[in-house]
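Asks:
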Amino acid sequence: MEFQLEKLIRSTIKQLVPYSSARDEFSGSANIFLDANENSYGSVGSNENHRYPDPYQTELKKKISQLKNTAVETIFVGNGSDEAIDLLYRIFCEPGKDNALIMPPTYGMYAVSAAINDVEIIEVPLSKGFSIDVDAVLENANSQTKLIWICSPNNPSANLLNIKDITSIIEQFEGLVVIDEAYIDFSGASSWIDLLKKYPNLVVLQTFSKAWGLANLRVGTAYASPEIIGLMNRVKPPYNVNGMTQKLVCKAIDSQNEYKEKLNELIKQREILISNLHQIAVVSAIYPSNANFILVKTLAPKEIYNYLLSKNIVVRDRSKLPLCEGCLRITVGTQAENQKLIQALKEY
Ligand SMILES: *Cc1c(COP(=O)(O)O)cnc(C)c1O
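Position in the sequence shown counted from 1, then plus 181, gives you our numbering.
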């Protein structure tokens, strides 16, 4: 079947004449900038913040392009992945008419962002072992389904989803398949970015919030065909990523060794934490983790959650989610933090 992007785009977006910023209209070199109503006298309380940032994050995208081995035209940089999630709804889903499909238990923002945009959500729960029920997904998607969200490794279950299952969906669904790889760095798996040329209906999300340790800066990325990225650039707020952030993320990408050291240490501590959790009586199951967190089944989630709080340790109670009965989600901490957690659980 031939994929037709044109058919998926909301007519409002097709007709949109995007805002043209001062930096859109002039990007050459000059000495005197009197085009953007900036403050020529400088910044109050800090240096070098009086100019608007590059709206297309050119320097940063060059670095990301090398890092991910994909063309600059296939990269969108946003104010966290959450911005990309919201933009995809606004570009492709007609409010009150179109829908998107999610597979609970999964990341909460897909449904929240849908609700904000008045987009219906179709839920097809993961099956036992947190794997995709491909037949149910394809049966439940209908002619108004524009987006299918796949989170791999999945939050909160921490597992990578099956490559064949994902491939079946990409190859049989006529809308866009969005694969959220927020935790891919911790998994050792290769990214779906490598298959963008093969699949024009694929969008991959990644973030600098997790493995890169830059959650405070709010930088998420989307990777897709140049046509889809072009649409995202047209709809995004002109200066969606600030200049300090662009600079700091460039610096991070230049610090490959530090990135790898932190990643290796985290993975090592994850394995130690898992083996220590096996010694805890109230933990009844530990799910395999390809991420920087672990989903554990306990006999009394609420009580254990509150007990840990009383010890100044906060974890996430996920026991109300489908397939997550009794479950707490625990982020891998530093070695010392993990030891305190284990000690507290032993004393419970
Ligand atoms: C943490 C997380 C993100 C990252 O969101 P940002 O807005 O980039 O910080 C994206 N997707 C999932 C599934 C996550 O858990």
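The beta-carbon is built from N, C-alpha and C at its ideal position, and this holds for glycine as well. Here the structure is a predicted model, which is why all the values come from computation and not from measurement.
Given this structure, state the Cα-to-Cα distance separating E362 from A481, to the nearest angstrom.
Replies: Looking at the two C-alpha atoms, the distance is approximately 31 Å.
Asks: Using CA atoms only, rank isn't needed, just tell me which of I272, N280, L307, N298 is closest to Y288.
Replies: Comparing Cα-Cα distances from Y288 to each of I272, N280, L307, N298, the minimum goes to L307.
Asks: Taking only heavy atoms of ligand 1 into account, decide whether any of them is closer than 7 Å to the Cβ of K188.
Replies: Not under cutoff, so the answer is no.
Asks: Am I right that G401 and S262 are in contact with their C-beta atoms under 8 Å? What's the rounded C-beta distance?
Replies: Correct: roughly 3 Å between the Cβ atoms.
Asks: Determine the closest residue to H231 out of M425, K345, I194, with distance taken between C-alpha atoms.
Replies: Of the listed residues, the one whose Cα sits closest to H231 is M425.
Asks: Assuming the contact rule is C-beta atoms closer than 8 Å, F354 and L319 should be a hit. Round their C-beta distance to whole Å, please.
Replies: 7 Å between Cβ atoms; contact.
Asks: I need the boundaries of the beta strand (DSSP E) containing R510, first residue and last residue.
Replies: Where R510 is concerned, the enclosing beta strand (DSSP E) stretches over 508–512.
Asks: Count the C-beta pairs between the stretch 366–381 and the stretch 231–241 that are closer than 8 Å, then say yes if the count reaches three, no if not.
Replies: Verdict: no, contact absent.
Asks: What's the C-alpha gap between Y586 and S368?
Replies: Residue coverage of the chain in this structure runs from 182 to 529, which leaves residue 586 outside it and unanswerable.
Asks: Inspect the beta-carbon positions of A339 and I329 and report whether they are closer than 8 Å.
Replies: No, these two residues do not count as a Cβ contact at 8 Å.
Asks: Please go through the same chain and pick out, in chain order, the residues whose beta-carbon is closer than 6 Å to the beta-carbon of C505, but skip the five residues on each side of it.
Replies: Contacts found: P286, R499.
Asks: Count the other C-beta atoms from every protein chain shown that fall within 10 angstroms of the C-beta of L268, then say buried if there are 16 or more, exposed otherwise.
Replies: With 16 or more Cβ atoms within 10 Å of its Cβ, L268 is classed as buried.
Asks: Using a 10 Å radius around the Cβ and a threshold of 16 neighbouring Cβ atoms, would you call Y548 buried or exposed?
Replies: What is shown of the chain runs 182 to 529, which leaves residue 548 out entirely.
Asks: Ligand 1 and T239: does any heavy atom of the ligand fall closer than 7 Å to the residue's C-beta?
Replies: It does not: the Cβ of T239 is nowhere closer than 7 Å to a heavy atom of ligand 1.
Asks: I need the boundaries of the beta strand (DSSP E) containing G401, first residue and last residue.
Replies: Start and end: 401–404.
Asks: Enumerate in chain order the residues of its own chain whose CB-to-CB distance from E518 is below 6 Å, with the five nearest sequence positions on each side excluded.
Replies: Excluding positions up to five away in sequence, the list is empty.
Asks: Could you tell me the distance, in whole angstroms, from the CA atom of A466 to the CA atom of A281?
Replies: If you take the alpha carbons of A466 and A281, they lie about 32 Å apart.
Asks: Taking A252 and G259 to be in contact with their CB atoms under 8 Å, please state how far apart those CB atoms are, rounded to whole angstroms.
Replies: With 8 Å as the limit, A252 and G259 do not qualify as a contact, their Cβ atoms being about 18 Å apart.
Asks: When you measure from the CB of G209 to every non-hydrogen atom of ligand 1, does any distance come out below 7 Å?
Replies: The answer is no for G209.
Asks: Assuming V496 contacts R451 (C-beta within less than 8 Å), just tell me the rounded distance between them.
Replies: Not really, about 15 Å apart at Cβ, beyond 8 Å.
Asks: On the criterion of 16 or more Cβ atoms from any shown chain inside 10 Å, does P199 qualify as buried, or is it exposed?
Replies: So P199 counts as exposed.
Asks: I think Y529 touches Y486, with their Cβ atoms under 8 Å apart; what is that distance to the nearest whole Å?
Replies: Not really, about 11 Å apart at Cβ, beyond 8 Å.
Asks: Relative to ligand 1, is the shortest distance from any of its heavy atoms to the C-beta of D267 smaller than 7 Å?
Replies: Flag unset: Cβ of D267 not near ligand 1.
Asks: Can you find the residues in the same chain that come closer than 7 Å, C-beta to C-beta, to I351, ignoring five residues on each side of it along the sequence?
Replies: Contacts found: V358, Y380, N382, L383.
Asks: Using CA coordinates, which residue listed in N220, I344, S349 is at the minimum distance from S371?
Replies: It is I344 whose Cα lies nearest to the Cα of S371.
Asks: Bridge partners for D361 per DSSP, in chain order?
Replies: Partner(s): C332, L386.
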